[in-house]
Each structure stands twice: as structure tokens, then as C-alpha cells.
Amino acid sequence: MSFFGRNRNPRQIRRSPTPGREGSSPPSPSYYEPGDGQDGGANSNSLVPPTLQKKPPPLYLCSPFADAALVKGNFKTIVMLPKYVDIMEWVAVNIYDFFTNLNEFYGCIAETCTAQSCPTMSAGPSLNYLWTTREGKQVSLPAPTYIDYVVTSVQQLLEDENVFPNNANHAFHPSFPSTVKTVYRQLLRVFAHIYHAHFGAILHLRSEPHFNSLFAHFLAFGREYQLLEIRDIKGEVNSPTVGVGALWERWKEKGILAE
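Just so you know, we're using UniProt numbering here: the sequence shown kicks off at 1 and counts up by one.
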């Protein structure tokens, strides 16, 4: 189901309070930009040629961690538009809650994400996200800086009545679908980085069922309302699936996510 091109019948839905974050106005976010560097992972002393060596899968793809969840079954029923609810309101409320919950998770593991431990916004051995400045220049940023820019920019949008109106008589702007799609893409990148670089911290907190369920809900919602671009989760066409794209495929095979 797509909410693009749909008109809104004003209906007020209460959203949860916005988490306060400080920070200057960040530049505009970039589109998907995979990094050029490849991590060969070869051991020069190994008798096995580097091309034949196989790395162990990341923890978030290993049992039982990959299958830990609070919700059993398919997430499609959770994301379906309720009767008598305006689709714009439904998308706005859910995006707001995804941001709030993700921000809380990141706050729990933020001390493990530093410029030294995460010098790039990486989501896989060959996947790095770039940030686009207001001048249109794409730059590589340390992950905590990138995420701070994401949080600050999304926070500003959520607090802007012209973008996310709270008044039932205030219609959504025609650009809302494209704006919320950009917000979704940036939140996806934060999810991807946490899985890649900080899933161990999630396990230490014994929160993998909660985080997996939040991410599966996020992905199902994105597919249902055409916010999720396949290349954002799987990489470029005809390229090997990287990062959380493999988790996406696993959950589809198990029926957790719809095709």
C-alpha cells in the first residue's frame, strides 16, 4: 500500500513526546552510497588461499540471536492501516515511534560508538554511508557524528508543524511522502550500523528480542507503505547482499517478513 498521492482527511492522533537532543543543524543527508573499500580479512600466514577463506557470519545472523523476538508470526498484520485512520496520520505516528524507540536503543549503547571505534558510518565490510553537506559535497563522517546529524535533523522535522502537524485542521504538506521517505532511509542506516558494529552491546543488555522485533516491524512497515528501497537494504542490483540485507532475507525465508 502506498500513501503517495493520497489526500488527508484531518484526524488528530496523539504522538509520544519527542526525545530531547542537542546539536547544531546538520547538513542534508545523502542517498545510499556504498563504500569503495573491501575488507579482505585474509591471514597472510594461513595455508588457505585468501579467496577460499570464509569468514564466520556476524552474530546477528547466528542462532539463536537472529531468531530472538518478542513477536511471533508475520508482521504484516501489525502494520496494516486500521479502519477509519487516515494513512498520512498512520505513517506519521509510526515514523515518530520508530525514531523514539531507535533513539532510546542508541542511547543505551552510545558509549561504545566513538570516533575511534567507528571512524566511518559502516554497515558492513564493504558498505559505508556518506553524508551530503549543504554544499552538495559527500563526506565520510565518524559514526557518532553521522548519527548525531540524523537525530538532530529528524528531531527538527518532527517538531516542525508544517511537516508533522499536530493540529487536526492542519493538513500535511504535499512533500510529506518524499520527506518521510528520506527520514526512513536515515533511520535504516542507524539500524544497520548498530547491527554491524554494536550488536554485541545489544546482546550484553539481553535486548536482542526487543531490537529484532523493532527492526522487523520497521522493515515490514517500510515495505507496506513503499518507504523501503530494496537497494537500501540489500545493496546495488547484481551485488552480493551485505549487512542487514542478509537478516532481511533470513526473516523472509522464515515467514517473519512478507516477500
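Beta carbons: idealized from backbone N, C-alpha and C, even for Gly.
Fair warning: this is a prediction, and the values are worked out from it, not measured in the lab.
Across which residues does DSSP place residue i in a beta bridge pair?
| i | result |
| --- | --- |
| Leu127 | Gly124 |
| Thr132 | Gln138 |
Check this for me: beta carbons of residue i and residue j, under 9 Å apart or not?
| i | j | result |
| --- | --- | --- |
| Asp67 | Lys254 | yes |
| Thr145 | Gln138 | no |
| His196 | Pro58 | yes |
| Val79 | Glu259 | no |
| Leu61 | Ala220 | no |
| Ser140 | Asn128 | yes |
| Val242 | Ser126 | yes |
| His198 | Thr120 | no |
| residue 338 | Pro142 | Because the chain in this structure spans residues 1 to 259, residue 338 falls outside the shown range and cannot be described. |
Taking 6 Å as the limit between beta carbons, can you name the residues of its chain near residue i, skipping five residues before and five after?
| i | result |
| --- | --- |
| Ile202 | Glu208 and Phe211 |
| Phe218 | Phe98 |
| Ile147 | Val190 |
| Phe164 | Ala92 and Leu158 |
| Tyr106 | none |
| Ala110 | none |
| Trp248 | Ile233 |
Among residues of its own chain, excluding the 5 on either side of residue i, which ones have a beta-carbon nearer than 8 Å to its beta-carbon?
| i | result |
| --- | --- |
| Val183 | Ile95, Phe99, Val154 and Leu157 |
| Gly222 | Tyr184, Leu188 and Leu228 |
| Arg250 | Leu61 and Ala66 |
Classify residue i as buried or exposed, calling it buried when 16 or more other Cβ atoms lie within 10 Å of its own Cβ.
| i | result |
| --- | --- |
| Gly124 | buried |
| His204 | exposed |
| Ile233 | buried |
| Ser24 | Reliability fails at Ser24, whose pLDDT of 45 lies under 50, so the model's placement of it is uncertain and the value that follows must be treated cautiously. Ser24 comes out exposed. |
| Leu187 | buried |
| Leu228 | buried |
| Tyr84 | exposed |
| Ser63 | exposed |
| Ser122 | buried |
| Ala216 | buried |
What residue does the alpha helix (DSSP H) around residue i start on, and which one ends it?
| i | result |
| --- | --- |
| Glu253 | Gly245 to Glu253 |
| Gly179 | Strictly speaking, residue 179 in this sequence is Thr, with Gly absent from that position. Counting along the chain, the alpha helix (DSSP H) containing Thr179 begins and ends at Phe176 to His204. |
| Cys108 | Ile87 to Ile109 |
| Phe218 | Glu208 to Glu224 |
| Thr145 | Ala143 to Leu158 |
| Asp232 | Ile230 to Lys234 |
| Ile78 | Lys76 to Val79 |
Looking only at its chain, what residues have a beta carbon closer than 7 Å to the beta carbon of residue i, apart from the 5 residues adjacent to it on each side?
| i | result |
| --- | --- |
| Asn74 | Gly255, Ile256 and Ala258 |
| Asn101 | Leu214 |
| Leu70 | Pro209, His210 and Ser213 |
| Asn162 | His173 |
| Cys108 | Leu205 |
| Phe65 | Leu59, Leu203 and Glu208 |
| Gly200 | Leu59 |
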